[in-house]
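Asks: For what it's worth, the numbering used here labels the leading residue of the sequence shown as 10, then goes sequentially. Glycine included, C-beta positions come from ideal geometry on N, C-alpha and C. Questions regarding the structure given below will be posed in turn.
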Amino acid sequence: MINASYQMNTLVHNTQWVTGHFHLIFAGTTVIMYLATAYHMWPKLTGRRLASRGMAVLQLWTWTIGMLVLTMPWHVLGLLGQPRRISSTPYDSPLVEQWDPHELAMIVGGVILLFSALLFVLNLVLSHVSKKADSISDNDWAVAVYPPMSVPKPMNGYALWNGIVAVWMVVAYGIPIVQLLILDAPGSLPWGY
């Protein structure tokens, strides 16, 4: 929500905040899902059991911790005003010197991520060279203990949910758009006049 806030976005635009936000959202959530999916699918694709479930869990935890240690300093540096793209920096400036501890923390986070990535590759390589499994379950999904209850028809279709989304979109976007068209900014004419 911070990047969606106009006031906050004007503060953090083109700072390291953007870099931290992107990496935390993409590599922290999307990539970790791909890693977990690889652990789930590798035995099914190769017919070999995963070499170490414990190593897989350790790898996913170190990825999460490494990503947090890497990206949180980026967020702080963005709030401190460190630009996202610069050709040169006067490193003797007191402003720049206050960035040093955060940059050191980013290096630590990067090393943790490197360790995690090496664990991932090692686990898959060890899994690939292990002997074939006798059997690998095709059905990994949970089976209901009790039969599922019937769901009311309006809750089971898309019409109700599409209607709710449409109302929320009108509220979320309609009011600000109407305000932009009607209200004037200090020192300027309203739109269309």
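Secondary structure at Arg57, three-state DSSP: helix, strand or coil?
Replies: Strand.
Asks: Going by the beta-carbon positions, is the gap between Leu135 and Ala60 smaller than 7 angstroms?
Replies: It is a contact, given that the beta carbons lie within the stated cut-off.
Asks: Output yes or no for whether 7 angstroms exceeds the beta carbon distance between Ala142 and Arg57.
Replies: Cβ atoms of Ala142 and Arg57: closer than 7 angstroms.
Asks: Are three or more beta carbon pairs between the stretch 32 to 47 and the stretch 89 to 99 nearer than 8 angstroms?
Replies: Taking 8 angstroms as the limit for Cβ pairs, the verdict is that the stretch 89 to 99 does not touch the stretch 32 to 47.
Asks: Between which two residues does the alpha helix (DSSP H) carrying Leu1 extend?
Replies: Because the chain is modelled from 10 through 202, residue 1 falls outside the range shown and cannot be assessed.
Asks: Inspect the CB distances between the stretch 26 to 37 and the stretch 79 to 98 and report whether three or more fall short of 8 angstroms.
Replies: At 8 angstroms Cβ cutoff, the stretches touch.
Asks: Answer yes or no: do Leu89 and Gly118 have a C-beta to C-beta separation smaller than 7 angstroms?
Replies: Taking 7 angstroms as the Cβ cut-off, Leu89 and Gly118 do not qualify as a contacting pair.
Asks: At what residues does the alpha helix (DSSP H) containing Pro185 begin and finish?
Replies: First-last of the alpha helix (DSSP H) with Pro185: Ile184 to Ile191.
Asks: Inspect the CB distances between the stretch 67 to 76 and the stretch 119 to 128 and report whether three or more fall short of 8 angstroms.
Replies: Touching, yes.
Asks: What did DSSP end up calling Pro163 once you bin it into helix, strand or coil?
Replies: Correct three-state label for Pro163: helix.
Asks: Per DSSP, Lys141 forms a beta bridge with which residues?
Replies: Arg57.
Asks: With DSSP collapsed to three states, give me the class of Pro92.
Replies: DSSP places Pro92 in strand when its eight states are reduced to three.
Asks: For Leu132, which of Trp26, Leu77 and Pro52 has the nearest alpha-carbon?
Replies: Here residue 132 is Asn; the residue named in the question, Leu, does not match the sequence. Out of Trp26, Leu77 and Pro52, Pro52 has the C-alpha closest to the C-alpha of Asn132.
Asks: When DSSP builds the beta bridges, which residues end up paired with Thr24?
Replies: BP columns for Thr24 point to Pro92.
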